[in-house]
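> I have a structure here, written as structure tokens, and I will follow up with some questions on it.
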């Protein structure tokens with residue numbers, strides 16, 4: 102007696118049953134490709150991109166040292182100093198979140214902003230700066246190595 106045809110038929114039947122079960126399982130689920138608050142998320146994203154576009158038009162110079170602390174010099178596209186109402190900086194350590202710093206910089210001159218910083222460990226830091234000047238808010242990202 103030849104059992105091969107029964108073996109092949111049982112394998113084909115098990116594959117067919119598996120696929121029918123998978124289709125039945127998946128069709129019973131509700132999948133939605135967009136989140137309910139996609140419009141609000143899009144608005145936040147567009148505002149963030151607008152801030153970074155404005156920030157790219159400015160000249161940013163950052164220096165950090167133990168003697169002077171955190172110093173930021175900002176000039177606009179024409180080379181004029183940027184007068185800001187508030188300047189916030191966030192120094193983030195990629196491999197040590199507990200070392201992250203949030204700084205509020207004070208104005209010390211025309212387009213010059215300063216904040217004291219404690220001993221910063223050597224290594225790579227990610228820097229995010231947000232500057233509010235009137236109704237405009239500009240943002241800047243960079244990496245610092247010390």
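In the numbering used here, the protein residues as written are 102 to 247.
Backbone N, C-alpha and C define an ideal beta-carbon position, used for all residues, glycine too.
Note that the structure is predicted; figures quoted are calculated from it, not measured.
#1: Can you give me the C-alpha to C-alpha distance between residue 153 and residue 127, rounded to a whole angstrom?
#2: Inspect the beta-carbon positions of residue 178 and residue 239 and report whether they are closer than 8 Å.
#3: For the structure I just gave you, are there three or more beta carbon pairs, one from the region 211-228 and one from the region 145-152, closer than 8 Å?
#4: Going by DSSP, name the residue or residues bridged to residue 214.
#5: Could you pull the start and end residues of the alpha helix (DSSP H) that residue 125 belongs to?
#6: Among the candidates 221, 189 and 232, whose CA atom is the shortest distance from the CA of residue 197?
#7: For residue 163 versus residue 234, is the C-beta spacing smaller than 8 Å?
#8: Per DSSP, what kind of secondary structure is residue 184 in: helix, strand or coil?
#9: By the DSSP assignment, the beta strand (DSSP E) with residue 228 in it spans what residues?
#10: To the nearest angstrom, report how far apart residue 106 and residue 129 are at their CA atoms.
#11: Within 10 angstroms of the Cβ of residue 206, are there 16 or more other Cβ atoms? Answer buried if so, exposed if not.
#12: Would you identify the three-state DSSP class for residue 240, choosing helix, strand or coil?
#13: DSSP has residue 160 in a bridge; who is on the other side?
By the coordinates alone:
#1: 41 Å
#2: no
#3: no
#4: 173 and 208
#5: 105-128
#6: 221
#7: no
#8: coil
#9: 225-234
#10: 35 Å
#11: buried
#12: strand
#13: 176
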